[in-house]
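Student: Take 1 as the starting number for the sequence shown in the UniProt record's numbering and just add one per residue.
Have a look at the structure that comes next, please.
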Amino acid sequence: MTGLNADDHDFTDFEDEGGVHFEHLNGADLHFEVQGDPTSEPPVVFLHGGPGYNSYSFQALFGERIERPVVYLDQRGSGRSGALEDTEQGADTLDLDTLVGDVEALRDFLGAEQIVPMGHGFGALVALEYARRYPTRTARVIAVNPWVHFPDLARTLLEEASARRGVAFTDPADDLRAATPDGEYPAVGGARIEAAFALLNARDLLNALQFRDQASRMRLEFADAEGQLIGGGEVQEALVNQGLWEFEYPQFLTELRRPVFVITGAHDRTSYPEQVQWVADLADADVTVLDAGHYPWLDDEDAFAEAFEDALTR
1 MTGLNADDHD FTDFEDEGGV HFEHLNGADL HFEVQGDPTS EPPVVFLHGG
51 PGYNSYSFQA LFGERIERPV VYLDQRGSGR SGALEDTEQG ADTLDLDTLV
101 GDVEALRDFL GAEQIVPMGH GFGALVALEY ARRYPTRTAR VIAVNPWVHF
151 PDLARTLLEE ASARRGVAFT DPADDLRAAT PDGEYPAVGG ARIEAAFALL
201 NARDLLNALQ FRDQASRMRL EFADAEGQLI GGGEVQEALV NQGLWEFEYP
251 QFLTELRRPV FVITGAHDRT SYPEQVQWVA DLADADVTVL DAGHYPWLDD
301 EDAFAEAFED ALTR
């Protein structure tokens with residue numbers, strides 16, 4: 001279907017066709033699946049985290065509970081979308097602006113007047129920035145366990161790694177700032193994350209912080225194995241090279257003019273409470289806290305479904 005305009009599509013055929021698309025949008029080959037008619041009401045556009053993960057597991061584990069138009073997007077370089085190195089922009093230029101541009105290109109392709117960007121983890125950053133940049137195209141924003149302040153997140157990871165290794169927590173920030181010449185930026189987030197991953201590998205560290213229990217982790221791993229989607233490393237590397245661990249988004253949260261709803265799990269210590277508090281305070285977000293981890297639909301599907309519906313209709 002590449003090369004057609006949104007007006008050329010009969011969106012009532014999406015369900016009959018399976019709604020699976022692989023389109024060249026904004027310089028990248030993007031995989032996405034559409035359920036329902038995205039022109040009938042603002043569709044939810046699910047923006048996965050990672051960065052570099054995919055939308056498959058959320059769709060497989062929770063998609064049947066969504067009763068309105070929804071679009072499951074594998075962001076550029078992720079999941080079933082084309083390789084990052086094959087995009088027109090190349091692998092060395094990936095940044096938040098480009099990811100937001102992809103979402104706007106997707107909206108335009110769908111012919112939707114507005115969308116509801118729903119971001120999870122890192123994807124919440126994309127959703128929030130889309131709403132800031134395109135307020136008239138955004139009906140509302142749903143942020144699930146958002147990440148918005150990466151130096152703070154790196155500190156959380158370092159604190160956990162230190163505790164698990166039984167060593168005293170030492171923040172390299174003060175020494176780094178003191179040693180950085182005037183006029184240069186001290187890479188505090190990068191130093192913290194390097195120290196954290198030197199103590200404990202990334203996978204074990206994130207598992208310790210994000211899952212309420214082992215059963216939830218195993219359920220996600222089973223869905224990932226079923227989807228047979230791996231990778232994402234080049235996306236993470238590209239964003240880190242662009243300074244991801246130094247990125248502080250809170251200053252932009254005050255510019256949001258659309259309703260923001262946060263759904264968070266009390267057991268996801270990568271997001272709750274510090275990251276969530278930034279969004280609550282500066283974007284005046286409505287926050288729902290569930291007895292769940294980073295993937296709340298794994299721990300209490302009914303409670304997440306209720307919070308999700310509330311965020312869509314309140």
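In this text, a Cβ means the ideal position worked out from N, Cα and C, and glycines have one as well.
Quick one: using the 10 Å Cβ neighbour count with 16 as the cut-off for buried, is Glu113 buried or exposed?
Tutor: Per the 10 Å Cβ criterion, exposed.
Student: Out of curiosity, what's the CA-to-CA distance linking Val279 and Thr98?
Tutor: Rounded to the nearest angstrom, the two C-alpha atoms are 22 angstroms apart.
Student: Using three-state DSSP, classify Leu256 as helix, strand or coil.
Tutor: Leu256 falls in the coil class under three-state DSSP.
Student: Within 10 Å of its beta-carbon, does Asn5 have 16 or more other beta-carbons around it, so buried, or fewer, so exposed?
Tutor: At Asn5 the pLDDT is 40, less than 50, meaning the model places this residue with poor confidence; the figure from the coordinates comes in the next sentence. Exposed, since its Cβ has fewer than 16 Cβ neighbours within 10 Å.
Student: Are His120 and Val144 close, meaning C-beta to C-beta below 8 angstroms?
Tutor: Yes. Within cutoff.
Student: Expressed to the nearest angstrom, what Euclidean distance is found between the alpha-carbon atoms of Ala311 and Gln59?
Tutor: Whole-angstrom Cα-Cα distance: 18 angstroms.
Student: When DSSP labels each residue in this structure, what does Tyr53 get in the three-state scheme?
Tutor: Coil, per DSSP.
Student: With Pro38 as the anchor, note down where its beta strand (DSSP E) starts and where it stops.
Tutor: No beta strand (DSSP E) contains Pro38, which DSSP labels as neither H nor E.
Student: Any heavy atom of the ligand ZN closer than 7 angstroms to the CB of Asp86?
Tutor: Questions concerning the ligand ZN fall outside what the structure shown contains, since it holds no ligand whatsoever.
Student: Can you tell me where the alpha helix (DSSP H) holding Thr98 begins and where it ends?
Tutor: 96-110 is the extent of the alpha helix (DSSP H) around Thr98.
Student: Which first and last residues belong to the alpha helix (DSSP H) in which Ile66 is found?
Tutor: Premise fails: Ile66 is in no alpha helix (DSSP H) and is neither H nor E.
Student: What are the start and end residues of the alpha helix (DSSP H) that includes Gly227?
Tutor: Gly227 -> alpha helix (DSSP H) spans 214-227.
Student: Hey, could you find the ends of the alpha helix (DSSP H) Ala143 is sitting in?
Tutor: It is not in any alpha helix (DSSP H) - Ala143 instead sits in the beta strand (DSSP E) that spans 141-144.
Student: Would you mind stating whether residue 316 and Ser216 have Cβ atoms separated by less than 8 angstroms?
Tutor: Here the chain comprises residues numbered 1 to 314, so residue 316 is not present and cannot be evaluated.
Student: Where does Glu33 fall in DSSP's three states?
Tutor: Strand.
Student: Taking the C-alpha atoms as reference points, what is the distance between Glu88 and Arg177?
Tutor: One C-alpha to the other measures close to 37 angstroms.
Student: Determine the direct distance from the alpha carbon of Ala127 to that of Ala191, and round the result to whole angstroms.
Tutor: C-alpha separation (whole angstroms): 27 angstroms.
Student: Given this structure, state the Cα-to-Cα distance separating Ile66 from Gly227, to the nearest angstrom.
Tutor: Going from the Cα of Ile66 to the Cα of Gly227 covers about 20 angstroms.
Student: Using DSSP with H/G/I as helix, E/B as strand and the rest coil, what is Gly233?
Tutor: Three-state result, Gly233: helix.
Student: Pick out whichever of Leu209, Ala91, Val240, Asp174 has its Cα sitting closest to the Cα of Pro273.
Tutor: The shortest C-alpha separation from Pro273 is found at Leu209.
Student: Taking the straight line between their C-alpha atoms, what separation do you get for Arg155 and Asn207?
Tutor: Approximately 16 angstroms between the Cα atoms of the pair.
Student: Where does the unbroken beta strand (DSSP E) through Pro117 begin, and where does it stop?
Tutor: Where Pro117 is concerned, the enclosing beta strand (DSSP E) stretches over 116-120.
Student: Take the Cβ of Ser40 as the centre, count every other Cβ of all protein chains shown within 10 Å, and call the residue buried at 16 or more, exposed below.
Tutor: Exposed.
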